[in-house]
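Residue numbers (this note's numbering): 2 to 363.
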Ligand SMILES: Cc1cc2nc3c(=O)[nH]c(=O)nc-3n(C[C@H](O)[C@H](O)[C@H](O)COP(=O)(O)OP(=O)(O)OC[C@H]3O[C@@H](n4cnc5c(N)ncnc54)[C@H](O)[C@@H]3O)c2cc1C
C-alpha cells in the first residue's frame, strides 16, 4: 500500500454500492479506500436499469418507505451521473402482452401518480407484438460497464485509493487479505454483493443472503426506436450497435456465474414472440451474475453487529438503482457518528429498521 494511503474508511467491493458509498463519503471530506477482488460482480452483469416504477411499485409487498427510497435514489442518480459525465438513457416503454400484464401496468400507472410520476399510453412500435404500450420519462438506464469505469475514475481523481485484493477475514475494525495482511480502519464497509455471504462465519447477518442467478445476452442489432423496452421479465436495451436482452432469474441455480444454455434459450423464445424479427439475430455475448437477495428482498444496510464493520449489500435486483440513496444514508450515519436519530427524522429511522442487518436473527 502506498505510504500516503491510510484512509479512515475502507470499503470492500468496487461494485455500484461500494463506489457510490465511496463518492458520498468523499463528498463529506472523509478519506476512503476501496479494496476490490477485481472480478466482475453483479453490477457488471446487470441491465443497469434505474427502475423504481417497474421494479418497486409493481411489487405488492414493497413497503411505501422503500418505494420512496427508490425514487429518491433515482433523483440522486441525476447528480451522480452529471458529476461522472455518465449518460442516462430514457424514456422507458412498458409493453403489456396479456390482460394480466395490462392489469399490472394499469395498477403501476395508478400508484405512480400518487408518487408524482406519469406513465401514459402510447403506440406500440412496429415490429413488437403487444396488447398495449405505455411510456414514462421517470425511468432511465445506464450502461453498467461504462458506469463502473466512470465511478472509479471519479473516485480516483478525487484522491481515492483502490487496491486489488481478495478480502478473506474480518475482525472488529479490520479486514484481512492474503496479499495485504490485516488492515485496520475506523470504519470498514462490506459492499461486495453476494460474495459477502462467504464471510458469514465472522458476520452472522450475511448468512441469510441468497443468490438469485441472472443471465443476459447481447445481440448484433442496431437497436430499437425506444432505448428501454420492458415486457414482463423481458427487457431490451439499445446500446451502441447492439441490443442487450435480459434477464433470467433463478433462485435455485448453483451460486456461480457459468452461463447456462437452457434459461437463455427460454429468453430467446420469449423474445421471438415479442419481436419476431429479432429471432434470428446473432448472439454476440452472454453472461451471468448473482443478485444478492435477502428473505424480504430488502437491503442489509447498517452496523453489522461487529464493531467498526458496516454492511451495505443485499440489494437483490435493484443495486444500481438503490446505490446512491444507500450511499447517502450510510455517509450521513458515519459522518454524524450517529446511526439512529432518535425521533428527529422518522423516515431515516424507518429505513434503519427496514434495512437493519440483524433483522432476521431477532
Ligand atoms: C442479470 C442481472 C441483471 C440485473 N439488472 C439490474 C438492473 O437493471 N438494475 C439494478 O438496479 N440492478 C440490477 N441487478 C442487480 C444489481 O446488479 C445488484 O444488486 C448490484 O450489482 C449489487 O451491487 P454491489 O456493489 O453490492 O455488488 P457487486 O455488483 O456484486 O460488486 C461486488 C464487488 O465486490 C468485489 N468482491 C467480491 N468479493 C470480494 C472480496 N472477498 N474481497 C474484495 N472484493 C470483493 C467484486 O470483485 C465486485 O467488484 C441485476 C443483477 C443481475 C445479476
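A virtual CB, placed ideally from N, CA and C, is assigned to each residue, including glycine.
For this session: Examine ligand 1 and report whether any of its heavy atoms sits within less than 7 Å of the Cβ of residue 40.
Result: Result yes, Cβ under 7 Å from ligand 1.
Exercise. Taking the alpha-carbon positions, what's the residue 362 to residue 159 distance?
Worked result: Taking C-alpha positions only, residue 362 is separated from residue 159 by approximately 39 Å.
For this session: State yes or no: is the C-beta of residue 217 nearer than 7 Å to some heavy atom of ligand 1?
Result: Because some heavy atom of ligand 1 lies under 7 Å away, the Cβ of residue 217 counts as near it: yes.
For this session: Could you round the C-beta distance between residue 276 and residue 140 to whole angstroms and report it? I think they count as a contact, below 8 Å.
Result: That pair is no contact at about 20 Å.
Exercise. If residue 293 sits next to residue 217, beta carbons under 8 Å apart, how far is it from one beta carbon to the other, in whole angstroms?
Worked result: Rounded to the nearest angstrom, the Cβ distance from residue 293 to residue 217 is 17 Å, too far for a contact under 8 Å.
Exercise. Should residue 144 be labelled buried (16 or more other beta-carbon atoms within 10 Å of its own) or exposed?
Worked result: Label assigned to residue 144: buried.
For this session: Throw me the rounded Cβ distance for the residue 238 and residue 271 pair, which I believe falls under 8 Å.
Result: About 16 Å separates the two Cβ atoms, so there is no contact after all.
Exercise. With distances taken from CA atoms, which of 24, 243, 29 and 261 is nearest residue 249?
Worked result: For the residues 24, 243, 29 and 261, the minimum Cα distance to residue 249 belongs to 261.
Exercise. Which residue's Cα is closest to the Cα of residue 13: 37, 29, 24 and 171?
Worked result: Among 37, 29, 24 and 171, the Cα nearest to that of residue 13 belongs to 37.
For this session: Report yes if the CB atom of residue 113 is closer than 8 Å to the CB atom of residue 122, and no otherwise.
Result: No, the Cβ-Cβ distance between residue 113 and residue 122 is not below 8 Å.
Exercise. Which residues in the same chain as residue 5 place their Cβ atom closer than 6 Å to its Cβ, once the five residues preceding and following it in sequence are excluded?
Worked result: In this prediction, residue 5 scores a pLDDT of 45, lower than 50, which makes its location untrustworthy; no coordinate-derived value is stated.
Exercise. Going by DSSP, which residues form a beta bridge with residue 133?
Worked result: In the DSSP output, where bridge partners are listed per residue, residue 133 has 97.
Problem set entry | For residue 356, three-class secondary structure by DSSP | In the displayed model, residue 356 falls within coil according to three-state DSSP, outside both helix and strand.
For this session: Pull up the distance between the alpha-carbon of residue 232 and that of residue 278, whole angstroms please.
Result: So the alpha carbons of these two residues sit roughly 16 Å apart.
Problem set entry | Minimum length 3: unbroken beta strand (DSSP E) runs contained in the segment 71-125 | As far as the segment 71-125 is concerned, its whole beta strand (DSSP E) runs of at least 3 residues are 93-97 and 121-123.
For this session: Indicate, with yes or no, if ligand 1 has a heavy atom lying under 7 Å from the CB of residue 195.
Result: Yes, ligand 1 has a heavy atom inside 7 Å of this Cβ.
Exercise. Which whole-angstrom value describes the C-beta separation of residue 23 and residue 291, a residue pair presumed to lie in contact below a C-beta threshold of 8 Å?
Worked result: No, residue 23 and residue 291 are not in contact; Cβ-Cβ is about 22 Å, not under 8 Å.
Exercise. Starting from residue 289 and walking both ways along the beta strand (DSSP E), at which residues does that stretch end?
Worked result: Where residue 289 is concerned, the enclosing beta strand (DSSP E) stretches over 284-294.
Exercise. Does the beta carbon of residue 17 fall short of 7 Å from some heavy atom of ligand 1?
Worked result: Judged by the Cβ position, residue 17 qualifies as a neighbour of ligand 1 at the 7 Å threshold, a heavy atom of the ligand being closer than this.
Exercise. Under the criterion of a Cβ to heavy atom distance below 7 Å, does residue 144 qualify as lining ligand 1?
Worked result: False, no ligand heavy atom lies under 7 Å from that Cβ.
For this session: Flag this pair as yes or no: are the beta carbons of residue 240 and residue 285 separated by less than 8 Å?
Result: Here residue 240 is not near residue 285, since their CB atoms are 8 Å or more apart.
Problem set entry | Which of helix, strand or coil DSSP assigns to residue 47 | In this structure, residue 47 counts as coil in the three-state DSSP scheme.
Problem set entry | Proximity winner among 265, 360, 142 and 184, relative to residue 208 (alpha-carbon distances) | Answer by Cα proximity: 360.
Exercise. From residue 187 to residue 299, what distance separates their C-alpha atoms?
Worked result: If I take the Cα positions, the gap works out to 27 Å.
Problem set entry | Distance cut-off 7 Å: residue 47 Cβ against heavy atoms of ligand 1 | Ligand 1 has a heavy atom closer than 7 Å to the beta-carbon of residue 47.
Problem set entry | Coarse secondary structure for residue 243, derived from DSSP in three states | The three-state reading of DSSP puts residue 243 in strand, counting E and B together.
Exercise. From what residue to what residue does the alpha helix (DSSP H) around residue 148 run?
Worked result: Following the DSSP letters along the chain, one finds residue 148 inside the alpha helix (DSSP H) bounded by residues 145-158.
For this session: Identify which residue in 72, 41, 194 and 162 has its Cα closest to the Cα of residue 322.
Result: Nearest of 72, 41, 194 and 162 to residue 322, Cα basis: 72.
For this session: Flag residue 157 as yes when its Cβ comes closer than 7 Å to any non-hydrogen atom of ligand 1, and as no otherwise.
Result: Remark: the shortest separation between the CB of residue 157 and any heavy atom of ligand 1 does not fall under 7 Å.
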